[in-house]
Amino acid sequence: MHFNYCPHCGKKAEMRQIGDEGMIPYCTECRIPLWDLFTTSIIAAVVNEYDEVALLRQNYVSTTNHVCVAGVMKIGESAEETVVREIAEELGLHVKSLKYIKSYPYEKKEMLMLGFQAVVDKQEFVLSGEVDAAEWVKFENALPLLRDGSIAWQLVRTVIKEKNKNCDWSTR
Ligand SMILES: [Zn+2]
3 MHFNYCPHCG KKAEMRQIGD EGMIPYCTEC RIPLWDLFTT SIIAAVVNEY DEVALLRQNY
63 VSTTNHVCVA GVMKIGESAE ETVVREIAEE LGLHVKSLKY IKSYPYEKKE MLMLGFQAVV
123 DKQEFVLSGE VDAAEWVKFE NALPLLRDGS IAWQLVRTVI KEKNKNCDWS TR
């Protein structure tokens with residue numbers, strides 16, 4: 003969100019030079035720069051010991067493509083805690099280990115998504131009400147089920163690539 007008015011006092015913001023950041027909306031009443039506000043969320047490629055990734059159907063997100071576990075961070079949570087909570091809530095699975103992959107700006111929704119790989123033991127899912135279905139999908143079959151170029155697609159592609167790279171190392 004880009005502020006034209008101060009969210010604290012409602013005064014119209016003035017543009018002001020803030021250090022090296024350039025012209026930033028500024029509230030002369032509260033004397034604070036009104037930085038752009040975005041929502042921080044997580045997205046996780048949940049993988050198991052058989053080189054499979056958990057892909058979800060969430061009809062409120064997409065009726066045509068699968069998606070990954072994703073969710074918005076709560077105040078006071080670390081990104082890692084959000085990942086563990088979302089995977090427990092959406093799939094009923096316990097995370098064994100986590101690895102941060104990279105961040106993905108999602109401009110349309112004014113979000114920054116922090117992408118993780120989460121390793122779990124292969125188990126049956128216990129789905130939350132907001133997940134319509136979930137399945138374990140072999141790495142080689144996963145990308146075509148995701149919307150081409152989407153953040154989920156980019157994340158899963160990176161996780162698969164890294165996994166394959168690691169396999170090369172282990173055979174040297
Ligand atoms: Zn103000």
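Residues are numbered in the working numbering as their position in the sequence shown, beginning at 1, plus a constant of 2.
Heads up, the beta-carbon is just placed ideally off N, CA and C, and yes, glycines get one too.
Flag Glu-16 as yes when its Cβ comes closer than 7 angstroms to any non-hydrogen atom of ligand 1, and as no otherwise. Exclusion of Glu-16 from the 7 angstroms shell around ligand 1 follows from its C-beta lying no nearer than that to any non-hydrogen atom of the ligand.
Taking 7 angstroms as the cut-off, is the CB of His-10 close to at least one heavy atom of ligand 1? Yes, ligand 1 has a heavy atom inside 7 angstroms of this Cβ.
Please name the residue or residues paired with His-68 in a DSSP beta bridge. Beta-bridge partners of His-68 (DSSP): Leu-148.
Using alpha carbons as the reference points, say which of Tyr-7, Thr-84, Ala-46 and Gln-60 lies closest to Arg-33. Nearest to Arg-33 by C-alpha distance, out of Tyr-7, Thr-84, Ala-46 and Gln-60, is Tyr-7.
At 3 residues or longer, and completely inside the stretch 4-81: list those beta strand (DSSP E) runs for me, N to C. Whole beta strand (DSSP E) segments, 3+ residues: 16-19, 25-29, 41-49, 54-59 and 71-74.
Would you grab the beta carbon distance between Ala-120 and Ile-89 for me? Rounded to a whole angstrom, and I think it's under 8 angstroms. A Cβ-Cβ distance of about 6 angstroms is found for the pair Ala-120 and Ile-89, placing them in contact under the 8 angstroms criterion.
Lys-104 - containing beta strand (DSSP E), residue span: Going by DSSP, Lys-104 is part of the beta strand (DSSP E) stretching over 99-108.
Looking only at its chain, what residues have a beta carbon closer than 7 angstroms to the beta carbon of Glu-74, apart from the 5 residues adjacent to it on each side? Reading off the sequence shown, one finds Val at residue 74, where the question assumed Glu. Take Val-74, set aside five residues on each side of it, and the residues of its chain with a beta-carbon closer than 7 angstroms to its own are Thr-41 and Ser-43, in chain order.
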